[in-house]
Amino acid sequence: MLDLLAYDFIQRSLLAAALVGALCSTIGVFVVLRGLAFMGAGTAHAAFAGVALGFLIGWPPLLMALLFGLATVWITGWMEEKGRMKLDVSIGILYTATMALAILFIGLMKTYNAEVYGYLFGNVLAVTSVELLTIAGLSIVVIGAIVLFSKELYFIAFDQEMAEASGVPARRIFFLLLTLVALTVVISLKTVGAILVFAMILIPASTAYQLTHSLSTLTWYSILIGITCSVGGVLISSYWDVPSGPAIVLLATLLFFVAVVFSPKRQRRSLAVN
Amino acid sequence: MPSQSLPIIHFDHATFGFPGVVALEDISLEIHSGEFVGVIGPNGSGKTTLCRAVLGLMAPLKGHLRIFDCACDELRCHHRAKIGYLPQKGVVDRNFPVTVLETVMMGRYGALGLFTRPSGNDRTIALDALAHVGMEGHRDSALGHLSGGQQQRVFIARALAQQPQVLLLDEPTTGLDITTQHNVVELVQHLHEELGLTVLLITHDINMIRSRVDRLVLLKTRLYAAGPPADVLKPDILSQVYGKDLVITERDTIIVEDYHHHHH
Chain A
1 MLDLLAYDFI
11 QRSLLAAALV
21 GALCSTIGVF
31 VVLRGLAFMG
41 AGTAHAAFAG
51 VALGFLIGWP
61 PLLMALLFGL
71 ATVWITGWME
81 EKGRMKLDVS
91 IGILYTATMA
101 LAILFIGLMK
111 TYNAEVYGYL
121 FGNVLAVTSV
131 ELLTIAGLSI
141 VVIGAIVLFS
151 KELYFIAFDQ
161 EMAEASGVPA
171 RRIFFLLLTL
181 VALTVVISLK
191 TVGAILVFAM
201 ILIPASTAYQ
211 LTHSLSTLTW
221 YSILIGITCS
231 VGGVLISSYW
241 DVPSGPAIVL
251 LATLLFFVAV
261 VFSPKRQRRS
271 LAVN
Chain B
1001 MPSQSLPIIH
1011 FDHATFGFPG
1021 VVALEDISLE
1031 IHSGEFVGVI
1041 GPNGSGKTTL
1051 CRAVLGLMAP
1061 LKGHLRIFDC
1071 ACDELRCHHR
1081 AKIGYLPQKG
1091 VVDRNFPVTV
1101 LETVMMGRYG
1111 ALGLFTRPSG
1121 NDRTIALDAL
1131 AHVGMEGHRD
1141 SALGHLSGGQ
1151 QQRVFIARAL
1161 AQQPQVLLLD
1171 EPTTGLDITT
1181 QHNVVELVQH
1191 LHEELGLTVL
1201 LITHDINMIR
1211 SRVDRLVLLK
1221 TRLYAAGPPA
1231 DVLKPDILSQ
1241 VYGKDLVITE
1251 RDTIIVEDYH
1261 HHHH
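So, in structure tokens, the structure goes:
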């Protein structure tokens, strides 16, 4: 396996995987705790519609993905805030609508475009140096924002109304979180793909959730699990020559179920009596 | 703590609600520094709206609300950190993966502002707050592992960590057993006396607080009465609000209709 590491493309993909793993698992903590799990899926499909439109009209696909992703999270966030509709309903509607758009855009293309499907399933082994630099730059922006606003992000995840009541600009922090989710999805599109990015956001944080009762510990566990799964998945993928996205996600899923079985929470819950 | 004459919360013919729905109408009420005020009324009487108004989460549709002498038509207002708030049980996921100390530290976040990390001093304030509610031995415990009464104490500590002038409690005894209910209200009374906190306690349980508060405020969309418990808890006033659901026993215990189904 070690001789694989000598290849440039393997080094690049390992780095990209580690970055995306760290990024998704960090934002995932807030997504899981704030109950936005479904939002990740909706955003990913919207971003894919953006990619398809980009290829159709000849605009940069990732820019279009970002626009579609941002529009989706902002509309759903706005609808939740206005109390017009439950979040899962509005996400469900936008999720399917954007998927319909993606299929429509692909249908309008005169020729089969394999590159579009690359964004659907992702291929971390095909990441170029330029893409790696973009991922790195954007990851720094997103993780930097999370670090900068971490105490507010934790507070709104726990209790948004209380945060607002005690003088935290909770609404703006919520929309910041939504924006960061959209950015994360777009950054991850090329490596894990639109279908699987959702899993990378959801699973590491949910796995960490099984293991600890402390917010800060939860975050560190989640990041560790995220990086381990992405790097491990890439190694598995290149060693056994299987697609990288599924390798990463299935490894993460396996870890999740192991954590559920051995969760200290499960064992202690029966002791937590009045 | 003797009552000072300065009103710190002043409703002046204030109406609250959403377009087409009036939750509180034409409320005029002054709450003074150092008072212990109980807010009572049936379900849907606007108790929680009053709470949200004081927190600055709702602006008056008509009239004015002044808090700490600040016209609160402006919703984002710095006075809010001076109001420590205990939300209704059920608003917060109490199995959230958070330790007791992490929960109480959140009480500091509003006052710290953006970009400022909590310091050792904030930690000291949080630990102090935990000591005030008798939970200092549980600082590293998981919030979800505590009993309902202990969780309530932790949330009161979070409110205290804001170093508030006013403690605002929305149904603090809901879902607790009778002994724990008494303990929680006793703790609130103790904090009121020891720290000189102005307390605004919203409850459906009149008997629990009637002997402890300085004043009672009786709401049902409008303000029906405000004054010492003996003046407010008169059969003719109560029956205006509770109607035929009101029963006053021989031992002067007041039983009202929504006593057993106040859950949302």
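Here the protein sequences line up with chains A and B, keeping their order.
Per my numbering, residue 1 is the first one in the first sequence, and the count goes up by one each step.
Per my numbering, residue 1001 is the first one in the second sequence, and the count goes up by one each step.
For every residue, glycine included, the Cβ atom is placed at its ideal position computed from N, Cα and C.
Nothing here was measured: the structure is a model prediction, and the numbers come from that model.
Out of B/G1017, B/E1030, B/E1025, B/F1016, the CA that lies nearest to the CA of B/P1007 is found in B/E1030. Sequence-distant Cβ neighbours of A/L70 in its own chain, meaning closer than 6 Å and more than five residues away, are A182.
Listed along chain B is no residue with a C-beta nearer than 8 Å to that of A/F256; the closest approach is about 15 Å. Residue pairing for B/F1011: DSSP places it in a beta bridge opposite B/L1029, B/L1065. For the pair A/G193 and A/F257, the Cα-to-Cα distance works out to about 23 Å. B/L1216 has B/G1038, B/G1227 as its beta-bridge partners, per DSSP. In the three-state scheme derived from DSSP, where H, G and I count as helix and E and B as strand, A/F9 is classed as helix. For A/Y209, the nearest CB of chain B lies under 7 Å from its own CB, placing it at the interface with that chain. A straight line joining the alpha-carbon of A/I203 with that of A/G226 spans about 8 Å.
Put simply, the backbone Cα of A/L53 is about 53 Å away from that of B/Q1163.
Taking a Cβ-Cβ threshold of 8 Å, the residues of chain A close to B/P1118 are K151, in chain order. For A/L178, no pairing in a beta bridge is given by DSSP. Annotation: B/G1137 is outside any alpha helix (DSSP H) and is labelled neither H nor E by DSSP.
Taking a cut-off of 8 Å for Cβ pairs, the stretch 1127-1143 of chain B and the stretch 1091-1106 of chain B touch, as three or more such pairs fall below it. Interface residue (Cβ-Cβ distance to chain B less than 7 Å): A/S263 is not classified as such. Taking every protein chain shown into account, the CB of B/P1235 has fewer than 16 other CB atoms within 10 angstroms, so this residue is exposed. As the crow flies, the alpha-carbon of B/L1061 is around 7 Å from that of B/G1017. Between A/F68 and A/T43, the alpha-carbon positions lie close to 8 Å from each other.
Secondary structure of A/T128 (DSSP, three-state): coil. Looking at B/P1229, B/I1206, B/V1213, B/P1118, the one whose alpha-carbon comes closest to that of B/T1253 is B/I1206. Secondary structure note for A/L235: its alpha helix (DSSP H) is the uninterrupted segment 215-240. Under the criterion of beta carbons closer than 8 Å, B/I1209 and B/E1171 do not qualify as touching, at roughly 11 Å. A residue is called buried once 16 or more other Cβ atoms fall within 10 Å of its Cβ, and B/S1239, having fewer, is exposed.
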